[in-house]
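Q: If you want our numbering, it's the position in the sequence shown, counting the first as 1, plus 17. C-beta: ideal position from N, C-alpha, C; glycine also.
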Amino acid sequence: MARFTRDRFVDILTTDHATQTESTGAHDLGKALQRTLLKIEQELRWTSDEEKRTDSMSEGYDCSGTTAVVCLVTPSHFIVANLGDSRAVLMTRSSECLALSHDHKPANDVESKRVKAAGGYLSIDGGTPYIHHFPTRSLSPSISVSRALGDFIFKANEDKGPMEQMVIPDADVTITERSSNHQFLVLACDGLWDVVSNDAVASSIQQVMSDGATHSCDDIAQGLVNEAITSGSRDNVTVVVSILPLPVVPSSPSENKTIAATQKEAAAATQEKSDEQEEKSDEQEEKSD
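#1: Tell me whether the beta-carbon of Val225 lies closer than 8 Å to the beta-carbon of Glu244.
#2: When DSSP builds the beta bridges, which residues end up paired with Glu194?
#3: By DSSP, does Leu51 sit in helix, in strand, or in coil?
#4: By DSSP, does Leu61 sit in helix, in strand, or in coil?
#5: Kindly list the residues whose CB is nearer than 8 Å to the CB of Ser221, restricted to its own chain and excluding five residues on each side of it in sequence; keep chain order.
#6: Using a Cβ-Cβ cutoff of less than 6 Å, which residues in the same chain neighbour Ala19 once the five nearest sequence positions on both sides are dropped?
#7: From Gly229, Lys130 and Val256, pick the residue whose C-alpha is nearest to that of Val218; which is it?
#8: Considering only residues of the same chain and omitting the five flanking positions on each side of His199, which have a CB-CB separation below 7 Å?
#9: Could you give the DSSP three-state label for Ala19: helix, strand or coil?
#10: Could you give the distance in angstroms between the alpha-carbon of Pro146 and the alpha-carbon of Lys172?
#11: What does the alpha-carbon distance come out to for the pair Leu61 and Ser93?
#12: For Asn243, which of helix, strand or coil comes out of DSSP?
#13: What are the start and end residues of the beta strand (DSSP E) that includes Ile222?
#14: Say the cut is 7 Å; is the CB of Leu30 nearer than that to a heavy atom of the ligand ADP?
#15: In the structure shown, what three-state DSSP assignment does Val212 receive?
#16: Are the CB atoms of Ala85 and Ser103 within a distance shorter than 8 Å?
#17: By the three-class DSSP mapping on this structure, what secondary structure does His44 have?
#18: For His121, does the three-state DSSP call read helix, strand or coil?
#19: Can you find the residues in the same chain that come closer than 6 Å, C-beta to C-beta, to Ser157, ignoring five residues on each side of it along the sequence?
#20: Measure the Cβ-Cβ separation of Asp252 and Asp211 and say whether it is below 8 Å.
#21: If we ignore side chains and look at the alpha-carbon of each, how far apart do Ala105 and Asp176 end up?
#22: To which residues does DSSP link Ala105 through a beta bridge?
#23: Spatial neighbours of Leu55 within its chain, please: C-beta separation below 7 Å, excluding the five flanking residues on both sides.
#24: If you reduce the DSSP assignment to three classes, tell me which class Asp176 lands in.
#25: Can His121 and Gly137 be called in contact, C-beta distance under 8 Å?
#26: Would you kindly work out how many angstroms separate the C-alpha atoms of Asp28 and Ala35, rounded to a whole number?
#27: In chain order, what residues of the same chain have a beta carbon less than 8 Å from the beta carbon of Ala284, not counting five sequence neighbours either side?
#28: Roughly how many whole angstroms lie between the Cα atoms of Ser140 and Gln59?
This is the structure:
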């Protein structure tokens with residue numbers, strides 16, 4: 018399901034009406050990311066139906082699903098949509114770490130209320146909260162996130178709507194204004210974040226970059242994967258690292274004012290030079306007369 022989501026995401030997003038014009042604002046682009054993930058959820062369900070999977074706990078039912086985190090980088094903003102516990106994190110040139118997403122865990126108040134209202138149960142195992150159908154986790158499938166694509170066995174309460182189930186495909190969106198201080202963007206699944214904190218990832222990247230050599234995004238990402246594995250991660254580890262170019266538009270009101278003042282000064286200087294050229298032209302005409 019993760020591969021299906023990856024393969025379909027760009028095709029669906031680029032047909033969304035919000036992506037058809039360059040003037041679309043960050044808020045509307047965030048809505049487009051949400052709509053895209055919901056359409057993928059619909060296609061995943063159709064695929065499940067075609068393969069004769071049912072919304073029940075019958076033998077052979079495919080319980081698979083996937084978390085998702087996506088980031089749309091515009092000239093002025095980072096627009097992130099996430100489902101589950103994959104994360105998007107910004108690293109700054111001043112070695113700060115800024116979270117662009119928040120994990121959807123069953124223990125969160127909003128999530129746990131919905132899970133219980135849909136007939137689910139919660140348990141803690143090794144510090145990790147799980148959702149399951151029966152009071153005893155061993156008697157039924159379980160899941161450690163409260164939002165995801167697929168995982169239809171946790172979306173089978175016929176008395177509840179799609180956004181009222183134990184697990185829902187409703188992505189959260191964050192919008193962050195770009196700054197010249199932003200240096201790296203990291204997207205990764207929980208195989209990394211379970212064993213390496215946001216701040217530790219920032220420190221690792223800064224340490225790699227401090228040697229003065231040139232490092233590719235692939236090299237940095239592979240280093241983080243290796244760090245997760247040596248730190249004891251037993252989950253799949255997927256990491257994407259992007260080195261960020263400087264934003265092409267002002268990232269703060271003060272910068273807007275500075276650029277506006279500079280443009281006004283330039284316009285005034287151009288006008289002054291034009292006036293001088295006209296005066297010289299007039300003088301030349303008077304002399305010729």
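A: Checking against the coordinates, here is how it stands:
#1: no
#2: In DSSP, Glu194 forms a bridge with His94.
#3: One detail in the question is off: residue 51 reads as Gln in this sequence, not Leu. Secondary structure of Gln51 (DSSP, three-state): helix.
#4: helix
#5: Val213, Gly240, Leu241 and Glu244
#6: Thr83
#7: Val256
#8: Leu107, Thr109 and Leu261
#9: DSSP places Ala19 in the helix class (H, G or I) of the three-state scheme.
#10: Distance between the alpha carbons of Pro146 and Lys172 is about 18 Å.
#11: Rounded to the nearest angstrom, the two C-alpha atoms are 33 Å apart.
#12: Asn243: helix per DSSP, three-state reduction.
#13: From DSSP, Ile222 is part of no beta strand (DSSP E) but of the alpha helix (DSSP H) over Asn215 to Met226.
#14: The ligand ADP is not among the ligands present in this structure, which contains no ligands whatsoever.
#15: coil
#16: Taking 8 Å as the Cβ cut-off, Ser103 and Ala85 qualify as a contacting pair.
#17: Here His44 sits in helix by DSSP.
#18: coil
#19: Within the same chain, Cβ atoms closer than 6 Å to the Cβ of Ser157 are found at His149, His150 and Phe151, the five residues on either side in sequence being excluded.
#20: yes
#21: 34 Å
#22: Leu204
#23: Pro186
#24: The three-state secondary structure of Asp176, taken from DSSP, is coil.
#25: no
#26: 14 Å
#27: Reliability of the predicted coordinates at Ala284 is poor, the pLDDT of 46 falling under 50, and the value obtained from them is presented with this limitation in mind. Contacts found: none.
#28: 29 Å
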